[in-house]
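Read top to bottom, the protein sequences are chains G and P. Number 320 marks the last residue of the first sequence (this note's numbering); no jumps. Number 320 marks the last residue of the second sequence (this note's numbering); no jumps. First the structure, in the form of structure tokens, and then the observations on it.
2 protein chains.
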Amino acid sequence: MTSSLPDTPAPVLLLVPGAAGAPSDGTAPFHLADPTAPQLKVTDLVVTRGDGIFETVGVFDGTPVNVGPHLDRLARSAFLLELPAPHRETLVAAIDAAIEAHTDVAELSVRIMYTRGLEGAGAPTCWIHARTADDWTAYRSGIRVVTLDRGLSTTVPETSPWLLPGAKTLSYAVNMAAGREAKRRGAADCLFVATDGYVLEGPTSTLLVRQGDTFTTTPVSAGVLPGTCVNTLFADLQRAGHQVREHLMTVADVAGSDGAWLLSSTRLAAPISQLDDTDLPVDLELTKRFEALLTGKA
Amino acid sequence: MTSSLPDTPAPVLLLVPGAAGAPSDGTAPFHLADPTAPQLKVTDLVVTRGDGIFETVGVFDGTPVNVGPHLDRLARSAFLLELPAPHRETLVAAIDAAIEAHTDVAELSVRIMYTRGLEGAGAPTCWIHARTADDWTAYRSGIRVVTLDRGLSTTVPETSPWLLPGAKTLSYAVNMAAGREAKRRGAADCLFVATDGYVLEGPTSTLLVRQGDTFTTTPVSAGVLPGTCVNTLFADLQRAGHQVREHLMTVADVAGSDGAWLLSSTRLAAPISQLDDTDLPVDLELTKRFEALLTGKA
């Protein structure tokens with residue numbers, strides 16, 4: 023872990039009691055706290071039930087990228103989990119304050135965590151944790167990815183919303199187990215596949231696929247998270263005259279494509295160099311363009 | 023919440039640094055802690071990823087029930103999540119110490135929580151939280167239950183173990199969402215149904231069904247938790263000359279049965295009086311017998 027190196031700047035922790043609106047007792051909506059001290063009670067529902075949501079914002083040379091889309095998605099996750107709506111202005115200010123309080127570093131990872139709160143209290147717990155990002159340089163030059171069954175159909179959002187498809191929850195044990203399975207298979211990451219044969223997303227990333235002049239991602243209606251990165255790239259690709267779309271794709275579509283990437287706010291655009299046992303073309307120039315866009319430098 | 027009533031005894035919190043074996047620094051394997059103070063760091067993987075497992079032991083008039091089977095299941099969950107094996111003797115002693123430290127009450131709920139620990143640390147976090155149980159008396163006299171799609175097939179344990187079927191994880195956001203959906207439909211609880219049409223379990227309970235002289239529960243191989251309560255009841259039913267079995271059942275099987283229950287260590291045996299729109303016979307005498315067995319009084 024980068025954060026355990028002695029020369030890594032200390033992380034910053036901001037507690038945000040005003041995350042769902044002004045605290046009733048008149049205290050400040052957020053304040054710095056000691057990240058090395060325990061801050062959470064054992065009866066917080068995020069601890070007892072994984073009952074919460076989150077976002078991770080990438081900050082590059084001090085500039086946070088896609089804060090608006092991340093907060094849009096946090097609000098959407100809150101809606102899907104029937105949590106109180108997050109107070110947007112408070113979170114924007116708190117994210118800025120966390121970045122301001124952190125030592126300047128090239129890449130900062132800012133997690134916004136929002137839980138159902140203490141059992142019986144009925145008010146969310148929220149904090150922001152800013153820390154030096156791990157080094158993903160190798161990941162960004164090409165990765166082997168394996169496909170793994172997600173067990174669910176792409177029709178689940180329509181039929182069974184209580185399965186919380188498309189919500190970025192803190193119940194990520196399956197996502198973590200899938201990551202371990204990928205590593206066991208000698209891959210850096212995995213791509214989830216629905217039971218009806220369509221590719222979905224990575225456990226912590228969005229899929230982007232190139233077929234000739236067309237760039238495609240999985241439709242949100244299939245139960246994936248609305249990607250923040252993919253929208254940034256789509257806007258730029260459209261300006262450059264490419265076609266962009268949300269469309270269901272099979273594993274064969276991806277394996278036979280002209281390039282594919284897993285996108286994330288901190289790992290950025292990771293080209294898939296091999297999907298299961300099929301080599302895929304890697305366009306490092308286009309990947310560099312994506313990286314510039316996703317770090318706010320293009 | 024019972025715990026917020028002023029005359030409810032204070033909960034007891036025991037931190038268990040020796041949960042995976044003796045702590046390397048020679049400290050005691052467990053110690054009492056202040057349950058009203060924050061005890062967890064924001065970088066514990068149970069908080070950032072829901073990456074942990076748990077058990078809830080019911081304690082009736084001071085006697086914990088099924089501690090062995092609960093610890094067996096905790097060990098199984100740890101294996102499925104690739105967590106270090108819990109140290110059984112330490113946990114047995116810690117459970118006893120938590121019960122001992124709590125004011126005598128008729129029904130105590132003892133949660134054993136076991137997480138992947140702090141990011142980068144590689145050692146589990148464990149604590150035991152003992153508190154007066156909520157009042158489930160009404161629940162135990164008959165409940166309306168609705169069936170809800172679980173989105174997964176009963177073949178998932180065979181094909182896709184990374185989906186963690188049968189592990190009692192702290193990633194329970196879907197279980198909680200299903201509970202809310204059940205309440206929205208005017209039911210007290212729900213029964214999950216697999217995509218291949220077989221009934222599974224409740225979000226926090228095991229299914230038991232009576233058909234004549236035969237009592238049936240869902241096979242563990244279908245992806246449900248191995249129930250601790252159902253084994254207690256099976257042993258007694260067998261002694262009384264009934265047939266008991268693990269067997270796949272459809273919704274129609276349950277709706278047409280001679281009685282069905284949702285079993286849990288704290289709610290005990292809740293007879294299903296209505297499944298979706300079908301009334302089911304409720305045998306209160308047998309339910310009382312189950313209650314006596316599950317509280318260690320038979």
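A virtual CB, placed ideally from N, CA and C, is assigned to each residue, including glycine.
Can you grab the Cα-Cα spacing for the pair residue i / residue j, in whole Å?
| i | j | result |
| --- | --- | --- |
| V273/P | T236/G | 46 Å |
| P179/P | L186/P | 8 Å |
| L36/P | A119/P | 8 Å |
| E223/P | L113/P | 27 Å |
| Y136/P | V81/P | 20 Å |
| I121/P | I150/P | 10 Å |
| F52/P | D298/G | 46 Å |
| H321/P | W283/G | Residue coverage of chain P in this structure runs from 23 to 320, which leaves residue 321/P outside it and unanswerable. |
| G90/G | T191/G | 19 Å |
| L67/G | R138/P | 17 Å |
| A257/P | E268/G | 55 Å |
| A200/P | V132/G | 31 Å |
| V215/P | V34/G | 44 Å |
| T147/P | G263/G | 52 Å |
| C212/G | P225/G | 7 Å |
| L229/G | E313/G | 15 Å |
| S46/P | G318/G | 46 Å |
| T24/P | A189/G | Since pLDDT at T24/P reaches only 42, below the 50 mark, its modelled position is unreliable, and no value is offered. |
| R202/P | A128/G | 43 Å |
| D29/G | S163/G | 26 Å |
| L285/G | A32/G | 27 Å |
Taking only beta-carbon positions, decide if residue i is within less than 8 Å of chain G.
| i | result |
| --- | --- |
| S287/P | no |
| V64/P | yes |
| A216/P | no |
| Q61/P | yes |
| R261/P | no |
| A50/P | no |
| A195/P | yes |
| R95/P | no |
| V168/P | no |
| D73/P | yes |
| V114/P | no |
Can you say whether residue i is buried or exposed, counting buried as having 16 or more other CB atoms within 10 angstroms of its CB?
| i | result |
| --- | --- |
| P303/G | exposed |
| Q265/P | exposed |
| F101/P | exposed |
| E104/G | exposed |
| S279/G | buried |
| S99/P | buried |
| A107/P | exposed |
| T58/G | exposed |
| G249/G | buried |
| T49/P | exposed |
Of all the CB atoms in chain P, is at least one closer than 8 Å to the CB of residue i?
| i | result |
| --- | --- |
| E313/G | no |
| A210/G | no |
| T191/G | yes |
| P331/G | Outside the shown range of chain G (23 to 320) lies residue 331/G, about which nothing can therefore be said. |
| E180/G | no |
| G164/G | no |
| Q296/G | no |
| A291/G | no |
| R202/G | yes |
| H151/G | yes |
| A244/G | no |
| G123/G | Going by the sequence as given, residue 123/G is Ala instead of Gly. So no, A123/G is outside the interface. |
| L302/G | no |
| A199/G | yes |
| L174/G | yes |
| V221/G | no |
Which chain B residues are close to residue i, counting only those with a beta carbon under 9 Å from its beta carbon?
| i | result |
| --- | --- |
| T159/P | Judged by its chain identifiers, the structure shown contains no chain B, and its protein chains are G and P. |
Pull up the CB-CB distance for residue i and residue j, whole angstroms please, since I reckon it's below 8 Å.
| i | j | result |
| --- | --- | --- |
| D94/G | A195/P | D94/G to A195/P, Cβ: 20 Å. No contact. |
| H109/P | G40/P | 6 Å |
| G281/P | D301/P | The Cβ separation is near 11 Å, so there is no contact. |
| T176/G | A244/G | 4 Å |
| S287/P | T159/P | With 8 Å as the limit, S287/P and T159/P do not qualify as a contact, their Cβ atoms being about 16 Å apart. |
| T240/P | V246/P | 5 Å |
| A291/G | L259/G | That pair is no contact at about 12 Å. |
| S182/P | G173/G | 6 Å |
| A152/P | L130/P | 6 Å |
| M198/G | R71/P | 5 Å |
| R289/G | S227/G | 7 Å |
Worksheet item: Would you say the stretch 161-170 of chain P touches the stretch 58-68 of chain P, given that touching needs at least three Cβ pairs under 8 Å?
Response: No, they do not touch.
Stretch pair the stretch 192-211 of chain G + the stretch 235-254 of chain G: three plus CB contacts closer than 8 Å | no
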